[in-house]
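Enquirer: Take the position in the sequence shown, starting the count at 1, then add 2; the result is the number in my numbering.
Ideal Cβ positions, reconstructed from N, Cα and C, are used throughout, including at glycine.
Shown below is the structure under consideration.
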Amino acid sequence: RFLPPFWQQQRAADNLYSVYWLYNRTGQPWLLELAEKIYRNMADWTDGIASWHNVNIAQAFDSPAIFYMQSHDPKHLTAAERNYREVRRLYGQVPGGMFGGDENCRPGYTGPRQAIESCGVAEQMLSDEMLLRITGDPVWADRCERVALNTFPATMTPDLKALRYLTAPNLVLSDRRSKAPGLQNRGPMLHYNPHIHRCCQHNIGHGWPYYAESLWAATRDNGLAAVLYAPCAVTARVGDGAEVTIEEDTNYPFEETVRLTLHVPRPIRFPLKLRVPGWCDQPEVLVNGKPFQSGARGGSFMVIDRQWKEGDRVELTLPMKVRLTVWKANKNSVSVHVGPLTFSLKIGEKYIRSGGTDRWPAWEVFPSTPWNYGLVLEPEDPTRSFDVVRKPMPAGQPFEAEAAPLQLLAKAKRIPGWKLDDLGLVGPLALSPVRSDEPVETVTLIPMGCARLRISAFPVVGEGPDARPWPEPPHSDIEVKASHCFEQDTVRAACDGRLPRSSSDQSIPRMTWWPQRGTEEWLAYHFGQPKQVRQVQVYWFDDTGRGHCRVPQSWQVEWLDGETWKPVRSEDPYTTLPDRFNTVHFDPVKTQAIRIRVQLKPDFSAGVLELRVR
Numbered sequence: 003r004f005l006p007p008f009w010q011q012q013r014a015a016d017n018l019y020s021v022y023w024l025y026n027r028t029g030q031p032w033l034l035e036l037a038e039k040i041y042r043n044m045a046d047w048t049d050g051i052a053s054w055h056n057v058n059i060a061q062a063f064d065s066p067a068i069f070y071m072q073s074h075d076p077k078h079l080t081a082a083e084r085n086y087r088e089v090r091r092l093y094g095q096v097p098g099g100m101f102g103g104d105e106n107c108r109p110g111y112t113g114p115r116q117a118i119e120s121c122g123v124a125e126q127m128l129s130d131e132m133l134l135r136i137t138g139d140p141v142w143a144d145r146c147e148r149v150a151l152n153t154f155p156a157t158m159t160p161d162l163k164a165l166r167y168l169t170a171p172n173l174v175l176s177d178r179r180s181k182a183p184g185l186q187n188r189g190p191m192l193h194y195n196p197h198i199h200r201c202c203q204h205n206i207g208h209g210w211p212y213y214a215e216s217l218w219a220a221t222r223d224n225g226l227a228a229v230l231y232a233p234c235a236v237t238a239r240v241g242d243g244a245e246v247t248i249e250e251d252t253n254y255p256f257e258e259t260v261r262l263t264l265h266v267p268r269p270i271r272f273p274l275k276l277r278v279p280g281w282c283d284q285p286e287v288l289v290n291g292k293p294f295q296s297g298a299r300g301g302s303f304m305v306i307d308r309q310w311k312e313g314d315r316v317e318l319t320l321p322m323k324v325r326l327t328v329w330k331a332n333k334n335s336v337s338v339h340v341g342p343l344t345f346s347l348k349i350g351e352k353y354i355r356s357g358g359t360d361r362w363p364a365w366e367v368f369p370s371t372p373w374n375y376g377l378v379l380e381p382e383d384p385t386r387s388f389d390v391v392r393k394p395m396p397a398g399q400p401f402e403a404e405a406a407p408l409q410l411l412a413k414a415k416r417i418p419g420w421k422l423d424d425l426g427l428v429g430p431l432a433l434s435p436v437r438s439d440e441p442v443e444t445v446t447l448i449p450m451g452c453a454r455l456r457i458s459a460f461p462v463v464g465e466g467p468d469a470r471p472w473p474e475p476p477h478s479d480i481e482v483k484a485s486h487c488f489e490q491d492t493v494r495a496a497c498d499g500r501l502p503r504s505s506s507d508q509s510i511p512r513m514t515w516w517p518q519r520g521t522e523e524w525l526a527y528h529f530g531q532p533k534q535v536r537q538v539q540v541y542w543f544d545d546t547g548r549g550h551c552r553v554p555q556s557w558q559v560e561w562l563d564g565e566t567w568k569p570v571r572s573e574d575p576y577t578t579l580p581d582r583f584n585t586v587h588f589d590p591v592k593t594q595a596i597r598i599r600v601q602l603k604p605d606f607s608a609g610v611l612e613l614r615v616r
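Structure follows, in structure tokens:
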């Protein structure tokens, strides 16, 4: 079969792009027939999101726009933009330019502690670069920079010798322990290891080379466009066909100025186009030391169309101001930006060797300083809450915590209630503003790309009547145990306080006994102190039509009397109804533990979305 499912169909547009590359060099008509056949048989990204797998999205959301080069149908161009916006609307309300897809995007898992695969980061950069060339719209350069400068560097150790499978905007522990189901993919997905992360250890290698390849672009009017900024040199034919070289000297994105020197064989006229990022309102340009008035604003290209001669110089300054983003969809948390860079709290990073070889070591990274801070912002103008500190550019890697050449000083307060959860993930955000009685401290923020451990979506500390104390995690005094729990589920889901919409709700964590079938199982709450209990409510998980979990055959409540489990005395029926709480009242018991004992249906497993005791 042509393009058999699954991966081939999802990602076939990359093949399509290669076909067009070859057609542009050979002009053979059969290649366009092949391209049309590929488009017909690949996954349909024109009418919506064809797959919620994170790499499929990053690699294939642009598929219709690639075919647009042949079809010239505007719907194919707009489909890529719609796909981008839809994914960001649902799962990308976080800093760093990516989205939560820690293997797949999952309803309910949309906060900044959700991660993205390293493959997805590299593929997003490439897709943005391709769309920049196809559309000529500088917004794709802005989007590419957002990912390349903030998320991509932290996927690897500073020496580029080890990588982790997943990286999140809020991530303060990068160890070997599995974080499933908080992160969907189980296993050591946060472990910096050069040997174990399958596709990523190959795919991540094209991130920087393709980025470097995309720094400059030819234009339709025989000119050159600087679309992404970095130290480099480009040689190309322009104007009437003369070969020119442009040398670019810059410390962008850590500094504001880009300096170009032109080398031409003879005086030649051609347009030089300089991208003005969307965040820059007032770019400044000098041509051979004299101001050039272009009228260009953010999100456009500045055009300098003139006759160039050997040694001409262009100096572009892109003033970088402090900006803030409020993530309303994520508890009014705040991110801080300067130019294209988003900033993280500087957290002490303790690297501990954990495997690999001496040449290619693996590492776990632990926090050596506090991380649970909320920002204290000036109410009149929050952007004035930060002092910008510039340091000399390092000789080597700038994307490293101790080498960061651009830093911010900010006021902040510790939030003692904000802790790691049982899995080792940053606790979910609470609604800002939050109240903290801790003293105000001065903290350092560094670019996200420099921070392997990071907090980049900050709570905001307030003092007014709308500021709330940080909530305690639900039932933090309860230890939950089970006879068995599926490795991608968690026993803590039973008491996390997240109420399901139905028994088939896939958007919240769950506890299941899968793959046990037809067996007797149990789920127990152990209290820190003896507690009087008189009622138990169970909301069963049932994925009829999708999987093999059903409401159980029967169940009963037991209490711990010393070392012995005893049934409670109740006249209520033990119902097993879906889509509701099943409630049993009983004679009160004072106990240190209570459990439900469950008989699974033959050939089926079962699970619990929420278990309440009163």
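For the structure I just gave you, are there three or more beta carbon pairs, one from the region 161 to 178 and one from the region 119 to 132, closer than 8 Å?
Expert: Contact holds: three or more Cβ-Cβ distances are below 8 Å.
Enquirer: Starting from ASN253, follow the beta strand (DSSP E) in both directions and report where the run begins and ends.
Expert: Within the sequence shown, the letter at position 251 stands for residue 253. Unbroken run through ASN253: none, as it is neither H nor E.
Enquirer: Among the residues of its own chain, which have a CB less than 6 Å from the CB of PRO363, if the five just before and after it don't count?
Expert: Residue numbering aside, residue 363 sits at position 361 when the sequence shown is read from its first letter. Excluding sequence neighbours, PRO363 sits near ARG355.
Enquirer: Are there 16 or more other CB atoms within 10 angstroms of the CB of GLY50, so buried, or fewer, so exposed?
Expert: Here residue 50 refers to the residue found at position 48 of the sequence shown. When all chains shown are included, GLY50 counts as exposed.
Enquirer: So what does DSSP say about SER129, is it helix, strand or coil?
Expert: For the purposes of this step, residue 129 is taken as the residue at position 127 of the sequence shown. Helix, per DSSP.
Enquirer: Given that a residue counts as buried once 16 or more other Cβ atoms are within 10 Å of its Cβ, and exposed if not, what is GLU245?
Expert: Residue numbering aside, residue 245 sits at position 243 when the sequence shown is read from its first letter. The residue is exposed, with fewer than 16 neighbouring Cβ atoms inside 10 Å.
Enquirer: Within its chain, find whatever has a CB closer than 6 Å to the CB of PRO473; leave out the 5 residues flanking it on each side and keep chain order.
Expert: Looking up residue 473 in the sequence shown gives position 471. Around PRO473: ALA432.
Enquirer: With a 10 Å radius around its C-beta and 16 neighbouring C-beta atoms as the bar for buried, classify LYS181 as buried or exposed.
Expert: As a working note, residue 181 is residue 179 in the sequence shown. LYS181 is buried by the Cβ-count criterion.
Enquirer: Near GLY301, which residues of its chain fall below 8 Å by C-beta distance, leaving aside the five closest residues on each side in sequence?
Expert: The count along the sequence shown starts at 1 and reaches residue 301 at position 299. Excluding sequence neighbours, GLY301 sits near PRO140, VAL141, ASP144, VAL278, PRO279, GLY280.
Enquirer: Between THR344 and MET450, how many whole angstroms is the CB-CB distance? I'm expecting something under 8 Å.
Expert: Counted from its first residue, the sequence shown places residue 344 at position 342. Counted from its first residue, the sequence shown places residue 450 at position 448. Yes, they are in contact, since the Cβ atoms of THR344 and MET450 sit about 5 Å apart, within 8 Å.
Enquirer: Counting beta carbon pairs with one atom in the region 443 to 463 and one in the region 498 to 514, are three or more of them shorter than 8 Å?
Expert: No: fewer than three Cβ pairs fall under 8 Å.
Enquirer: So does the region 199 to 213 actually touch the region 488 to 500, counting three or more Cβ pairs closer than 8 Å?
Expert: Segments in contact, no.
Enquirer: Please go through the same chain and pick out, in chain order, the residues whose beta-carbon is closer than 6 Å to the beta-carbon of LEU425, but skip the five residues on each side of it.
Expert: Counting from one through the sequence shown, the residue named residue 425 turns up at place 423. Excluding positions up to five away in sequence, the list reads LYS181, GLY184.
Enquirer: Could I get the ranges of all uninterrupted alpha helix (DSSP H) runs contained in the region 62 to 147, with 4 residues as the minimum, in chain order?
Expert: The qualifying runs are 65 to 73, 76 to 93, 120 to 137.
Enquirer: Starting from LYS292, follow its DSSP beta bridges and name the residues at the other end.
Expert: Against the sequence shown, residue 292 aligns to sequence position 290. Note: LYS292 sits in a beta bridge opposite VAL289.
Enquirer: Could you tell me which uninterrupted beta strand (DSSP E) segments, each at least 3 residues in length, are contained entirely in the region 181 to 252, listed from first to last along the chain?
Expert: Segments of the beta strand (DSSP E) lying fully in the region 181 to 252: 218 to 220, 226 to 228, 234 to 240, 244 to 252.
Enquirer: How big is the Cα-Cα spacing for VAL538 and SER509?
Expert: Locating residue 538 in the sequence shown gives position 536, where the first residue counts as 1. Locating residue 509 in the sequence shown gives position 507, where the first residue counts as 1. About 24 Å.
Enquirer: Return the bridge partner residues of PRO363 from the DSSP annotation.
Expert: For the purposes of this step, residue 363 is taken as the residue at position 361 of the sequence shown. Paired residue(s): GLY358.
Enquirer: So which of GLU88, LEU447, PHE256, GLU249 has the shortest CA-CA distance to ALA412?
Expert: Taking the first residue of the sequence shown as 1, we reach residue 412 at position 410. Nearest of GLU88, LEU447, PHE256, GLU249 to ALA412, Cα basis: LEU447.
Enquirer: Determine the extent of the alpha helix (DSSP H) in which GLU35 is found, giving its start and end residues.
Expert: Taking the sequence shown and counting its residues from 1, one reaches residue 35 at position 33. That run of the alpha helix (DSSP H) goes 32 to 43.
Enquirer: With DSSP as the reference, label TRP47 as helix, strand or coil.
Expert: One-based indexing of the sequence shown puts residue 47 at position 45. Looking at TRP47 - three-state DSSP - the assignment turns out to be coil, as it is neither helix nor strand.
Enquirer: Alpha carbon to alpha carbon, how far is ARG599 from SER346? Give it in angstroms, no decimals.
Expert: Taking the sequence shown and counting its residues from 1, the one referred to as residue 346 is at position 344. Taking the sequence shown and counting its residues from 1, the one referred to as residue 599 is at position 597. Approximately 47 Å between the Cα atoms of the pair.
Enquirer: Suppose contacts are defined by Cβ-Cβ distances below 9 Å. Is VAL240 in contact with LEU226 by that definition?
Expert: Against the sequence shown, residue 240 aligns to sequence position 238. Against the sequence shown, residue 226 aligns to sequence position 224. Yes. Within cutoff.
Enquirer: Taking just the CA atoms, how far does LYS311 sit from GLY398?
Expert: The residue you call residue 398 lines up with position 396 of the sequence shown. The residue you call residue 311 lines up with position 309 of the sequence shown. About 34 Å.
Enquirer: Measuring CB to CB, does VAL336 end up less than 9 Å from LEU408?
Expert: Indexing the sequence shown from 1 puts residue 336 at position 334. Indexing the sequence shown from 1 puts residue 408 at position 406. Taking 9 Å as the Cβ cut-off, VAL336 and LEU408 do not qualify as a contacting pair.
Enquirer: With which residues is CYS551 paired in a DSSP beta bridge?
Expert: The count along the sequence shown starts at 1 and reaches residue 551 at position 549. Note: CYS551 sits in a beta bridge opposite SER607.
Enquirer: Using a threshold of 9 Å, state whether the C-beta atoms of GLN95 and THR112 are closer than that.
Expert: Walking along the sequence shown from the start, residue 95 turns up at place 93. Walking along the sequence shown from the start, residue 112 turns up at place 110. Yes, Cβ-Cβ distance for GLN95 and THR112 is below 9 Å.
Enquirer: CB LEU621 to CB THR385, shorter than 9 Å?
Expert: The structure shown has nothing for residue 621, since the chain only spans 3 to 616.
Enquirer: So, under 8 Å CB-CB, HIS78 and ALA67 are touching, yes? Tell me the CB distance rounded to an integer number of Å.
Expert: Position 76 of the sequence shown holds residue 78. Position 65 of the sequence shown holds residue 67. Contact holds; Cβ gap of about 6 Å.
Enquirer: Is the region 585 to 602 touching the region 550 to 567, taking contact as three or more C-beta pairs under 8 Å?
Expert: Yes: the two stretches touch, three or more of their Cβ pairs being nearer than 8 Å.
Enquirer: In angstroms with no decimal places, state the Cα-to-Cα distance between THR514 and TRP567.
Expert: Taking the sequence shown and counting its residues from 1, the one referred to as residue 514 is at position 512. Taking the sequence shown and counting its residues from 1, the one referred to as residue 567 is at position 565. C-alpha separation (whole angstroms): 22 Å.
Enquirer: Let me check one thing: in DSSP terms, what residues is ASN56 bridge-paired to?
Expert: Position 54 of the sequence shown, counting from 1, holds the residue named residue 56. Paired residues: none, contrary to the question.
Enquirer: Within its chain, find whatever has a CB closer than 6 Å to the CB of SER53; leave out the 5 residues flanking it on each side and keep chain order.
Expert: Working through the sequence shown from its first residue, we reach residue 53 at position 51. Hits under 6 Å: GLN12.
Enquirer: Would you kindly work out how many angstroms separate the C-alpha atoms of VAL531 and ASP423, rounded to a whole number?
Expert: Numbered from 1 along the sequence shown, position 529 holds the residue referred to as residue 531. Numbered from 1 along the sequence shown, position 421 holds the residue referred to as residue 423. The amino acid occupying residue 531 in the given sequence is Gln; Val does not appear at that position. Rounded to whole angstroms, GLN531 to ASP423 spans 22 Å at the Cα level.
Enquirer: Got a sec? Which residues, its chain only, sit under 7 Å from LEU18 by beta carbon, not counting five neighbours each side?
Expert: Working through the sequence shown from its first residue, we reach residue 18 at position 16. Around LEU18: ALA37, ILE40, TYR41, ILE68, PHE69.
Enquirer: Between LEU455 and MET304, what straight-line distance do the alpha-carbon atoms span, to the nearest angstrom?
Expert: Indexing the sequence shown from 1 puts residue 455 at position 453. Indexing the sequence shown from 1 puts residue 304 at position 302. Cα-Cα distance, rounded: 37 Å.
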